[in-house]
Amino acid sequence: MDDDKEKSKENMKTQVASSSLASVAGNRVQRRPGTSMLGTGLGAHNIHAWFGKKHVLSDITLDFAAGTVTALIGPSGCGKSTFLRILNRMHEFIPTAAMAGEVLLDGQDIYALGTDVTKIRLKVGMVFQKPNPFPSMTIGENVLSGLKLAQLKVKNTDDLLESCLVRAGLWSEVKDRLKEHGGSLSGGQQQRLCIARALAVQPQVLLMDEPCSALDPGSTFRIEETISELAKTMTIIIVTHNMQQAARVSDYTAFFLSDGGPGQMIEVATTREIFSVPRDKRTEDYVTGRFG
Amino acid sequence: MPSTATAPVIPAKRELTTKPRFSDKVFRGIVTAGGSASLVILGLIALFLALKGFHVLATEKFSFITESRWEVLQDENGNVVESTFGLGAMLVGTFLCAVIAVVIGVPIAVLGALYLTFYASYGIKKIAVALIDLMAAFPSLLFGFWGFFILMPSAEYWAKLIHKYLGFIPIFDVPAPIFTRSPFIAGLVLAIMIIPIVTSISREVFDQTPLDRIQAAYALGATRLTMIKSVVIPYGRGGVLGGTMLGLGRAMGETVAVYTVLNVVYQVNWQMLFGAGGNVASLILLKFGEAGPEEIQALMAAGFVLFLLTLLVNATADFVVTRSAGDRR
């Protein structure tokens, strides 16, 4: 394998990127699954998805151990985001959307009949691609908005507010301006505000759909730090187009690809393996920048 | 010329022009004509009313609005001996009926709009929207008939109930037990007439609520109700207010329906359940047929006042909507 790497390094300029990715992935300390006390993680089994008649995801089986970060990578249109949205039942907001398979949270199928969807979304939080704080609320109200929306009672909201903002890495920047509107923050700050907001309802799992794609490198760096910090207490699944980011923050990486038909998962392994010794040729082509 | 090497020469600003094509000029002319036509017509109507009513406005001055008498004394030959014109009672009636209409109609319209936007299935939504739009085009005389023949018997009973239990509040009191043809019933009819416009404007703003905010709320475990309270209402507030103002404008200007239902009496009446009242538009309709030249002038002046009033309401609506649009981004 190392020989192969050496060979291609000589041939392809893009290999430089690959080897640096591999070293980035190799340098980080691998989190051990199951170190968190928060549940037993999330499992998606034989997931299929459709929009109308179009089959967009085919037979994805993927387990997420508690306390790990998993990156979903792949070219646009391969179904990563659809898969992510199936994990907290946001998929069904799109009219004509359908799915098959099961998603197990602590052993319970979240699509089982009679499941309270709002409770599922409390346990499986989500951060979106575009920062979307509620503009009519102040920074403080934004963080605590989940309590109001889900009608939760919390005794000491001040403590919760502070701890969420601290964990999202935003406290020092906003502690004196909690009464200002969320829109007054920069894009990167808004995104961390959205992370803090997601944390306030204490989810076990946090889904992130390209959380840094609209942000500058500085803000991206701050959010990646936040992700590493958060992974100590929850399971994180992140969709990203930035392979550097996948290499920096994730323990496991799953590569999705569509060959014109429904999206498929080509390979899942530790991030180190995906970026250094991928098993599938298509994965190698993608992570070395030959396409996508 | 001696060269001043250090100071950079700042050239004069050039005029930025584009030579329009002939076809552009023609099209520009057509759309300008179309756009200004409505303004010109509206302006001419206002001017006509103001000119015709000028004489009365000049003699009555401010008492035309505050005074509550509308009298023309004639001798045997039909010559006007003395006349007093004051719109006070009718202005009070206009406001009373319009406010009742808004208080009753707007909540129904907003709830209806929320239902259509977030709860109704596609098929129901399509049919209901078509029906509500049809309702807006319905002749107001038919609303008047319906109000008189169908609504009145029930509404009279409701009015009695309200009077019995809330009669200690001055506006629900009555000087005599006459509960038919009251501002309350006229307000009910007007409420139904403004529902279509308020519903369709509210529905349009609710429909535009940014999807990412709705999804953010759901992702935080929101139910549909809490999502609507925290996301849709704050976003749509301005639009609903604007729609309400338009409804208010319509309710104030409505003539035939009010004339059919209401017992037009020339006295200031704040007691909404009592069968006496009026509004400016129905006064004009009532008096127009038998009015002499001088009274016609007074009615023109009344029309001018009504014109200014609805203009004011619509301008306020516009102001409110543009101002609150800032929240939306």
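Protein chains in written order, with my numbering: chain Z, 495 to 786; chain Y, 2 to 330.
Every residue, glycine too, gets a C-beta built ideally from N, C-alpha and C.
| Check | Outcome |
| --- | --- |
| is_contact[Y:ALA217, chain Z] using C-beta, thresh 8 Å | yes |
| Backbone CA spacing between Z:THR576 and Z:ALA565 [nearest angstrom] | 14 Å |
| Test: Y:VAL232 CB closer than 8 Å to a CB of chain Z | yes |
| Residues that DSSP places opposite Z:LYS669 in a beta bridge | Answer is none; Z:LYS669 lacks a bridge partner. |
| Z:LEU654 versus Z:PHE558: straight-line alpha-carbon distance, rounded | 27 Å |
| Contact under 8 Å by Cβ, Z:MET759 with Z:ILE730 | no |
| Chain Y residues whose Cβ lies nearer than 8 Å to that of Z:LYS624 | ASP213 |
| Contact set between Z:SER678 and chain Y, taken where Cβ atoms lie within less than 8 Å | The contacting residues do not exist; Z:SER678 stays about 12 Å from chain Y at best. |
| Within-8 Å CB hit, Z:ASN615 to chain Y | Inspection of the sequence shows that residue 615 of chain Z is occupied by Arg rather than by Asn. Closer than 8 Å: yes. |
| CB contact check: Z:ALA538 to chain Y, cutoff 8 Å | no |
| Boundaries of the alpha helix (DSSP H) in which Y:TRP380 is found, first to last residue | This structure cannot settle anything about residue 380 of chain Y, because the visible part of chain Y is limited to 2 through 330. |
| Residues bridged to Z:MET593 (per DSSP) | Z:ALA543 |
| Per-residue DSSP class, three states only, for Z:GLU778 | helix |
| Through-space distance from Z:GLY682 to Z:GLY571, alpha-carbon basis | 25 Å |
| Span of the beta strand (DSSP E), counted from its first residue to its last, around Y:GLN75 | 71-75 |
| Span of the alpha helix (DSSP H), counted from its first residue to its last, around Y:VAL103 | 89-115 |
| Contact set between Y:PRO21 and chain Z, taken where Cβ atoms lie within less than 9 Å | Under the 9 Å cutoff, chain Z gives no residues; its nearest Cβ is about 40 Å from Y:PRO21. |
| Per-residue burial, Z:ILE633 [other beta carbons within 10 Å of its own, 16 or more giving buried] | buried |
| Through-space distance from Y:GLY279 to Y:SER84, alpha-carbon basis | 20 Å |
| Proximity below 8 Å, CB of Y:MET273 to CB of Y:ALA99 | no |
| Where the region 112-128 of chain Y meets chain Z: residues whose CB sits under 9 Å from a CB there | TYR123 |
| Exposed unless 16 or more other CB atoms sit within 10 angstroms - verdict on Z:ASP745 | buried |
| Contact between the region 126-138 of chain Y and the region 190-208 of chain Y (3+ Cβ pairs under 8 Å) | yes |
| Cα-Cα separation between Y:THR323 and Y:PRO211, rounded to whole angstroms | 18 Å |
| Cβ contact check for the region 660-675 of chain Z and the region 683-700 of chain Z: 3 or more pairs under 8 Å | yes |
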